[in-house]
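Notes follow once the structure below has been shown.
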Amino acid sequence: MRHLMSPLDFSVEELDKLLDLANDIEKNPDKYAHACAGKKLATCFYEPSTRTRLSFEAAMLNLGGSVLGFSEAGSSSAAKGESVSDTIRVISCYADICAIRHPKEGAALVASQKSLIPVINAGDGGHQHPTQTLTDLLTIRSLKGRLSDITIGLCGDLKFGRTVHSLINALIRYKNVHFVLISPEELRIPSYIRDDVLRANQVEFEEVERLEDAMTRLDVLYMTRVQRERFFNEEDYIRLKDYYILTKAKMELAKEDMLVLHPLPRVNEISVEVDSDPRAAYFKQAQYGVYVRMALILTLLGIQVD
Ligand code: NCD
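At position 247 of the sequence shown (counting the first as 1) the number is 1267 in my numbering, and the numbers step up by one without a gap.
Have a look at this one:
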């Protein structure tokens, strides 16, 4: 039985296969419409979510399966003091696969150790968000045609942004990927990524504070929201929340084929006037999230469709 805790749980070859499967699902959805008939996905969300939970549910429904679950800790037995380990043991009796999101780093891993069914980490605190990374990889590969030979700018809250941590972990395995880390001093990438992932693997990266200084060189710009819920005080959040705002004027500095990605939700960091720019790919990215989660469910359940 396999779980997904981090993008590194799959080898590059396995990832390629998964992304190929997602592209085939996009092209031939009817072929997969009954692949999970009789199977159930549980979504256990102890933290807010729109895209991740609903795209998981849409993915399972598109595969002909069913879904059950809860969308806030307060409506589950967590409110009565039940541990994640006990909850997952019980959910293992009700479902065939489970996606879990929790505010504590490592919660999904704890769940996977007690689970009798495959567990997918749908976000654990400020740590990792591997299925967003699968979505990001599928989007970049589908729209750019490659995952190697790119300069990617990651902009915003690099400290608490789990999507950024997972994406860096995944992209360092491709050739000639150059990272430009764009953040205010206080929201710089944590040392467990800078030292233990980037430096330890001799990956080229630079850290800059001004988006304008990076813009002209980027093939992909990955914007992120300042993660309000992970701040210790509201004043710091208010001071930093509008540090970066991507506008039409800033987009004029960028390459003609630069992609703008964002895991969403957006707050103010991308002005809505950018949405009509053909380089804005964040809503397409959300669509790719469904295909890649369909591919992931099939892969973890060991279901092959010919
Ligand atoms: C992200 C998350 O939950 O980390 N959202 C998502 O799943 N698409 C990004 C965010 O909340 O800022």
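Virtual Cβ for every residue (Gly too), placed ideally from N, Cα, C. Predicted model, so just to flag it, every value in this text is computed and none were measured.
- Boundaries of the alpha helix (DSSP H) harbouring ASN1082: 1071 to 1082, taken from the DSSP string.
- For the pair ASN1288 and ILE1258, the CB atoms are not nearer than the 8 Å cut-off.
- Inside the region 1134 to 1214, DSSP marks whole beta strand (DSSP E) runs of 3 or more residues at positions 1139 to 1144, 1170 to 1175 and 1197 to 1202, from first to last along the chain.
- When DSSP reads this structure, HIS1122 sits in a beta bridge with ASP1144.
- Between the region 1220 to 1229 and the region 1054 to 1067 there are fewer than three inter-stretch CB-CB distances shorter than 8 Å, so the stretches are not counted as touching.
- Between the ligand NCD and LEU1284, a heavy atom-to-CB distance of less than 7 Å is present.
- When the beta-carbon positions are compared, PRO1150 and TYR1066 stay at least 8 Å from each other.
- According to the DSSP assignment, SER1086 belongs to the beta strand (DSSP E) that extends over 1086 to 1090.
- Segment contact: the region 1093 to 1101 against the region 1040 to 1051, fewer than three CB-CB distances shorter than 8 Å; contact not assigned.
- Distances from the alpha-carbon of ILE1202 to those of MET1235, GLY1084, GLN1324 and ASP1277 put MET1235 closest.
- In the three-state reduction of the DSSP assignment, MET1243 falls in the strand class.
- Annotation for ALA1301: THR1159, LEU1163, LEU1279, VAL1280 and LEU1281 place their beta carbon closer than 7 Å to its own, counting only its chain and skipping 5 residues before and after.
- Residue burial is scored here from C-beta neighbours: ARG1073 has at least 16 other C-beta atoms within 10 angstroms and is therefore classed as buried.
- Residue pairing from DSSP places LYS1060 in a beta bridge opposite SER1086.
- Spatial neighbours of VAL1246 in its own chain (CB-CB distance under 6 Å, excluding positions within 5 residues in sequence) are listed in chain order as ASP1177, LEU1260 and LYS1261.
- Annotation for PHE1251: no alpha helix (DSSP H) segment contains it, and DSSP assigns it neither H nor E.
- Taking 8 Å as the cut-off, the Cβ atoms of LEU1218 and ILE1188 count as close.
- For ALA1093, same chain residues with a beta-carbon under 7 Å away, outside a window of 5 residues either side, are TYR1066 and ALA1099 in chain order.
- Between the alpha carbons of LEU1083 and CYS1118 lies a distance of about 15 Å.
- Taking a C-beta distance under 8 Å as the contact criterion, ILE1172 and LEU1157 do not qualify as a contact pair.
- As the crow flies, the alpha-carbon of GLU1033 is around 38 Å from that of TYR1263.
- Looking only at PRO1204, ARG1071, PRO1285 and THR1183, the smallest Cα-Cα distance to TYR1308 is reached by ARG1071.
- The criterion of a C-beta distance shorter than 8 Å is not satisfied by PRO1204 and GLU1232.
- Here MET1021 is not near PRO1210, since their CB atoms are 8 Å or more apart.
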